[in-house]
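Residue numbers (numbering that gives the first Met the number 0), protein chains in the order written: chain F, 0 to 440; chain D, 0 to 151.
Yeah, the Cβ is synthetic: ideal placement off N, Cα and C, and Gly gets one too.
Encoded as structure tokens, the structure appears first; notes follow it.
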Amino acid sequence: MLQSFLQYLDSNVTLTPGAAGNYLWATVYVVVVIVGVSLAVLSMNWIERKALAHMQVRLGPMRVGPHGLLQPFADAIKLLVKEDIMPDGADKLVFWLAPVVIVITAWTTFLVVPFGPAHAITDMNIGVLFMLGVSSLSVLGIVMAGWASNSSYPLMGSLRSSAQMISYEVAMGLAVISAILMTGLNDTGIYFHHAVASAFPGVGTLSMIGIVQAQAEQGTWFVFKFFPFGLMAFVIFAIAMVAETNRAPFDLPEAESELVAGFHTEYSGFRWSLFMLAEYSGMLAVSSIAVTLWLGGWLRPFATWHGPRITIPHYWQGGALDFASSLLPAVVLFLLALVCFVGVVRMPKIPVFRIQMLGLAAFGGLLGFIGLVLLAPPVRDRIQDIFWFTFKLAVFMYLYIWYRATFPRYRFDQLMKVGWKVLLPVALGVLIVTAIVGVLR
Amino acid sequence: MSLAPILRKIFFVDLLKGLSVTFQYQDPKEIYTEQYPLERPAIAGRYRGLPRLNVNPDTRETLCIACDLCALACPEHLIVVKSERNAATKRKEVIAWAIDVSRCMFCGLCEDACPTDCLELSQDYEFATYSRDFILSRERLEKGSEPTVYKK
Numbered sequence: 000m001l002q003s004f005l006q007y008l009d010s011n012v013t014l015t016p017g018a019a020g021n022y023l024w025a026t027v028y029v030v031v032v033i034v035g036v037s038l039a040v041l042s043m044n045w046i047e048r049k050a051l052a053h054m055q056v057r058l059g060p061m062r063v064g065p066h067g068l069l070q071p072f073a074d075a076i077k078l079l080v081k082e083d084i085m086p087d088g089a090d091k092l093v094f095w096l097a098p099v100v101i102v103i104t105a106w107t108t109f110l111v112v113p114f115g116p117a118h119a120i121t122d123m124n125i126g127v128l129f130m131l132g133v134s135s136l137s138v139l140g141i142v143m144a145g146w147a148s149n150s151s152y153p154l155m156g157s158l159r160s161s162a163q164m165i166s167y168e169v170a171m172g173l174a175v176i177s178a179i180l181m182t183g184l185n186d187t188g189i190y191f192h193h194a195v196a197s198a199f200p201g202v203g204t205l206s207m208i209g210i211v212q213a214q215a216e217q218g219t220w221f222v223f224k225f226f227p228f229g230l231m232a233f234v235i236f237a238i239a240m241v242a243e244t245n246r247a248p249f250d251l252p253e254a255e256s257e258l259v260a261g262f263h264t265e266y267s268g269f270r271w272s273l274f275m276l277a278e279y280s281g282m283l284a285v286s287s288i289a290v291t292l293w294l295g296g297w298l299r300p301f302a303t304w305h306g307p308r309i310t311i312p313h314y315w316q317g318g319a320l321d322f323a324s325s326l327l328p329a330v331v332l333f334l335l336a337l338v339c340f341v342g343v344v345r346m347p348k349i350p351v352f353r354i355q356m357l358g359l360a361a362f363g364g365l366l367g368f369i370g371l372v373l374l375a376p377p378v379r380d381r382i383q384d385i386f387w388f389t390f391k392l393a394v395f396m397y398l399y400i401w402y403r404a405t406f407p408r409y410r411f412d413q414l415m416k417v418g419w420k421v422l423l424p425v426a427l428g429v430l431i432v433t434a435i436v437g438v439l440r
Numbered sequence: 000m001s002l003a004p005i006l007r008k009i010f011f012v013d014l015l016k017g018l019s020v021t022f023q024y025q026d027p028k029e030i031y032t033e034q035y036p037l038e039r040p041a042i043a044g045r046y047r048g049l050p051r052l053n054v055n056p057d058t059r060e061t062l063c064i065a066c067d068l069c070a071l072a073c074p075e076h077l078i079v080v081k082s083e084r085n086a087a088t089k090r091k092e093v094i095a096w097a098i099d100v101s102r103c104m105f106c107g108l109c110e111d112a113c114p115t116d117c118l119e120l121s122q123d124y125e126f127a128t129y130s131r132d133f134i135l136s137r138e139r140l141e142k143g144s145e146p147t148v149y150k151k
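Next up, the structure:
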């Protein structure tokens, strides 16, 4: 076991997916993913409040730390020390269970998310199916929360949520199927030609890592494959995805102007924070499906272009473009560190700012140090997959905020109409056309 | 039904327009929020805030001549003026002046009635206090309020 651990650090050896099946690495990745997702949720909390505020011509949090950077931590502490209230008529067991169910389903989906060809907890051969199945279990948690609260608003919210999630799952599933079809349908060859000795035309894969590898081998992201059809399936998924995670403009289950807070009205303190955690990690999970299926997962843009061959002794041998992209994560971290230091320099020189200034400088120093570590060849080669995957996820997270700032909420009948009368037929049509186009070519 | 609206729906033209509007508002120059204790709002000259009793800037003596016109002008009868004849100068001098600000509606009629520019409604809008003594005396009104200055 230790052998494989050390082998992994050796830069000459490239291991197969996630060193999958290796218990030690799986455990390490579980811890890393849980910590990473929690940190991402914390930072997402701050970014959402800031970006939303700026879109609404406000400032957002400004008082806790420089530009409110410590606000999520203050909120977390506040939520943890709040009184734990359980309503009088609530079903105690189910009320207690609902946030747990939601958080478990939101986090279990990360089991199959491929952050890179060698960065995943497991490489499950039915990865997409597993992910869709587990993520749609969260509706159970929502219904439990609404039912156990013994209150009208939560019940209304959870009823809306179940109807909404079930109707959008259909379109979502059809869009996913058309992407899975693309793994097997190819102009030039069959993906499984390499994996399976006898190449059946039309044999694809459900493995999340396999899907990205199929995109790498076909040399195109599935958004651009069979031109408008891949894009259409992606757009359908992108819409259904927002509805699945109960985000604006499909946030009817927690419509704050109609239902107080929807299904989690009666929850407060730590339980409430579990709901928020689940909502944001659910957003991350569903976005990572979209990134994996259509946007090439860990592949960098223009991955087929390598540029002129250059050689730097003991450091790099290969395409110039590959070299530039491998340096990108470190450069981004250096830029962030630079932003921190500019903030330190520009901060007013008043004694009350001393601690903030030192903290920001330390944070910038930490970022710069991480950037330096990323320049080391073994780390550099392994981290850029994670960097590109995270970058694409971040774009999706920004889109969620952007939608929330822009679109008004749908009425319930409009929501149902969009789901059943628009998305479902279009998704079905795209699926059929994709299959036909793929076979005819 | 013409083609244009259908195409607009299919390609999400209206949605993209809305998205571009919100995107442009992200420019930090657009921000309208005032960070109140740090930045103080610009108050209009005609704003009627807490009353103030002006003094003669040279001699630091009050401008009030104890004519009682402000007390008469006040629609809510909130002002009390107490005066006394000075034996030496043979002039009426104010010995106590008080206003109950808790019921004041800042109509400014007292300010208009004052013949000597002594009583004036200032631009001061920060009169939250930790105590309930809203009946302000002459000393307090001559000093004016001293708002806390926040640095952070």
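Next on the checklist: Give me the subset of the region 47–62 of chain F whose CB atoms are less than 9 Å from a CB atom of chain D, sorted by chain position.
Outcome noted: 50, 52, 53, 54, 55, 56, 57, 58, 59, 61, 62
Item to check | Alpha-carbon spacing of residue 64(D) relative to residue 120(D), whole angstroms | outcome: One-based indexing of the second sequence puts residue 64(D) at position 65. One-based indexing of the second sequence puts residue 120(D) at position 121. Rounded to whole angstroms, residue 64(D) to residue 120(D) spans 18 Å at the Cα level.
Item to check | Continuous beta strand (DSSP E) stretch holding residue 168(F): start and end | outcome: Here the question's residue 168(F) lines up with position 169 in the first sequence. Element bounds for residue 168(F): not the beta strand (DSSP E) but the alpha helix (DSSP H), 151–183.
Checklist entry - Given that residue 17(D) touches chain F, what residues does it touch there, using C-beta distances under 9 Å? => result The count along the second sequence starts at 1 and reaches residue 17(D) at position 18. Ordered by position in chain F, the residues that pass the 9 Å Cβ test against residue 17(D) are 405, 406.
Next on the checklist: Using CA atoms only, rank isn't needed, just tell me which of 181(F), 114(F), 212(F), 94(F) is closest to residue 223(F).
Outcome noted: In the first sequence, residue 223(F) corresponds to position 224, counting from 1. For residue 223(F), the nearest C-alpha among the options comes from 181(F).
Next on the checklist: Which of the three DSSP states is assigned to residue 67(F) in this structure?
Outcome noted: On the first sequence, position 68 is the one that residue 67(F) refers to. Three-state DSSP puts residue 67(F) in a helix.
Checklist entry - Under a CB-based cut-off of 8 Å, is residue 428(F) close to chain D? => result Position 429 of the first sequence, counted from the first residue, corresponds to residue 428(F). So no, residue 428(F) is outside the interface.
Checklist entry - Quick one: does residue 29(D) have its CB under 8 Å from some CB of chain F? => result Translated into the one-based positions of the second sequence, residue 29(D) becomes position 30. Yes, contact with chain F.
Checklist entry - Given a limit of 8 Å on CB to CB distance, which residues of the region 376–401 of chain F reach chain D? => result 401
Next on the checklist: Report the CB separation of residue 414(F) from residue 373(F) in whole angstroms; it is logged as a contact under 8 Å.
Outcome noted: Position 415 of the first sequence holds residue 414(F). Position 374 of the first sequence holds residue 373(F). That pair is no contact at about 44 Å.
Checklist entry - Is any beta-carbon of chain F found at less than 8 Å from that of residue 35(D)? => result By 1-based counting over the second sequence, the position of residue 35(D) is 36. No - not a single Cβ of chain F is within 8 Å of the one on residue 35(D).
Checklist entry - For residue 317(F), which of helix, strand or coil comes out of DSSP? => result For this step, residue 317(F) is matched to residue 318 along the first sequence. Note: residue 317(F) maps to strand in three-state DSSP.
Item to check | Span of the alpha helix (DSSP H) around residue 52(F) | outcome: Here the question's residue 52(F) lines up with position 53 in the first sequence. 22–54 is the span of the alpha helix (DSSP H), which, as asked, contains residue 52(F).
Item to check | Residue of 422(F), 109(F), 304(F), 229(F) minimising C-alpha distance to residue 35(F) | outcome: Your numbering for residue 35(F) matches position 36 in the first sequence. Comparing Cα-Cα distances from residue 35(F) to each of 422(F), 109(F), 304(F), 229(F), the minimum goes to 109(F).
Checklist entry - Excluding five sequence neighbours on each side, which residues of the same chain lie with their C-beta closer than 7 Å to the C-beta of residue 17(F)? => result Taking the first residue of the first sequence as 1, we reach residue 17(F) at position 18. Because the pLDDT of residue 17(F) is 49, which lies under 50, any placement of that residue in the model is unreliable, and the question is left without a value.
Checklist entry - Span of the beta strand (DSSP E) holding residue 309(F)? => result Translated into positions along the first sequence, residue 309(F) becomes position 310. Run containing residue 309(F): 308–311, per the beta strand (DSSP E) assignment.
Next on the checklist: I'd like to know whether the C-beta atoms of residue 31(D) and residue 56(F) end up nearer to each other than 8 Å.
Outcome noted: On the second sequence, position 32 is the one that residue 31(D) refers to. On the first sequence, position 57 is the one that residue 56(F) refers to. It is a contact, given that the beta carbons lie within the stated cut-off.
Checklist entry - Applying the criterion that 16 or more other CB atoms from any shown protein chain within 10 Å of the CB defines a buried residue, is residue 152(F) buried or exposed? => result Locating residue 152(F) in the first sequence gives position 153, counting from the first residue. Residue 152(F) is buried by the Cβ-count criterion.
Next on the checklist: Can you find the residues in the same chain that come closer than 6 Å, C-beta to C-beta, to residue 1(D), ignoring five residues on each side of it along the sequence?
Outcome noted: The residue given as residue 1(D) occupies position 2 in the second sequence. Closer than 6 Å at Cβ, skipping near neighbours: no residue.
Checklist entry - If you count every other CB in all the chains shown that lies within 10 Å of the CB of residue 3(D), and 16 or more means buried, which is it? => result Counting from one through the second sequence, the residue named residue 3(D) turns up at place 4. Classification of residue 3(D): exposed, given that the 10 Å Cβ count is below 16.
Checklist entry - Which residue's Cα is closest to the Cα of residue 465(F): 32(F), 161(F), 362(F)? => result Outside the displayed span of chain F (0 to 440) sits residue 465(F), for which this structure offers no information.
Item to check | Supposed contact pair residue 297(F) and residue 64(F) - C-beta distance, whole angstroms, cut 8 Å | outcome: Taking the first residue of the first sequence as 1, we reach residue 64(F) at position 65. Taking the first residue of the first sequence as 1, we reach residue 297(F) at position 298. Contact flag wrong, Cβ pair sits at about 33 Å.
Checklist entry - How many Å lie between residue 139(F) and residue 353(F) at the Cα? => result One-based indexing of the first sequence puts residue 139(F) at position 140. One-based indexing of the first sequence puts residue 353(F) at position 354. Cα-Cα distance, rounded: 49 Å.
Checklist entry - From this set, 295(F), 22(F), 80(F), 384(F), which residue's C-alpha is nearest residue 229(F)'s C-alpha? => result The residue given as residue 229(F) occupies position 230 in the first sequence. Nearest of 295(F), 22(F), 80(F), 384(F) to residue 229(F), Cα basis: 295(F).
Checklist entry - Does DSSP put residue 218(F) in a helix, in a strand, or in coil? => result As a working mapping, residue 218(F) is identified with position 219 in the first sequence. DSSP places residue 218(F) in coil when its eight states are reduced to three.
Checklist entry - Excluding the five sequence neighbours on either side, which residues of its own chain have a C-beta within less than 8 Å of the C-beta of residue 40(D), listed in chain order? => result Translated into the one-based positions of the second sequence, residue 40(D) becomes position 41. 33, listed in sequence order.
Next on the checklist: Please classify residue 424(F) as buried or exposed, where buried requires at least 16 neighbouring CB atoms within 10 angstroms.
Outcome noted: Here residue 424(F) refers to the residue found at position 425 when the first sequence is read from its first residue. Exposed is the call here.
Checklist entry - Going by alpha carbons, who is nearest to residue 43(F) out of 22(F), 72(F), 31(F), 347(F)? => result Position 44 of the first sequence holds residue 43(F). Residue 72(F) is the option with its Cα nearest to residue 43(F).
Checklist entry - What is the C-beta distance between residue 91(D) and residue 82(D), in whole angstroms, given that I count them as a contact (C-beta under 8 Å)? => result Counting from one through the second sequence, the residue named residue 91(D) turns up at place 92. Counting from one through the second sequence, the residue named residue 82(D) turns up at place 83. Confirmed, about 5 Å.
Next on the checklist: What does DSSP give as the partner residue(s) for residue 96(D) in the beta ladder?
Outcome noted: Taking the second sequence and counting its residues from 1, one reaches residue 96(D) at position 97. Bridge partners of residue 96(D): 80(D).
Next on the checklist: Taking the alpha-carbon of residue 283(F) as reference, which of 392(F), 292(F), 325(F) has the nearest alpha-carbon?
Outcome noted: Numbered from its first residue, the first sequence carries residue 283(F) at position 284. Selected option, being the one with the closest Cα: 392(F).
Item to check | For residue 239(F) and residue 78(F), the rounded distance between their alpha carbons | outcome: For this step, residue 78(F) is matched to residue 79 along the first sequence. For this step, residue 239(F) is matched to residue 240 along the first sequence. If you take the alpha carbons of residue 78(F) and residue 239(F), they lie about 31 Å apart.
Checklist entry - With 8 Å set as the bound, which would you pick, yes or no: does the beta-carbon of residue 21(D) sit closer than that to a beta-carbon of chain F? => result As a first step, residue 21(D) must be located in the second sequence, where it is residue number 22. Judged by the 8 Å Cβ criterion, residue 21(D) is in contact with chain F.
Next on the checklist: If you reduce the DSSP assignment to three classes, tell me which class residue 118(F) lands in.
Outcome noted: Position 119 of the first sequence holds residue 118(F). If DSSP states are grouped into helix, strand and coil, residue 118(F) belongs with the strands.
Checklist entry - Could you give the residue range of the beta strand (DSSP E) that holds residue 349(F)? => result Against the first sequence, residue 349(F) aligns to sequence position 350. That residue, residue 349(F), is in no beta strand (DSSP E); it is neither H nor E in DSSP.
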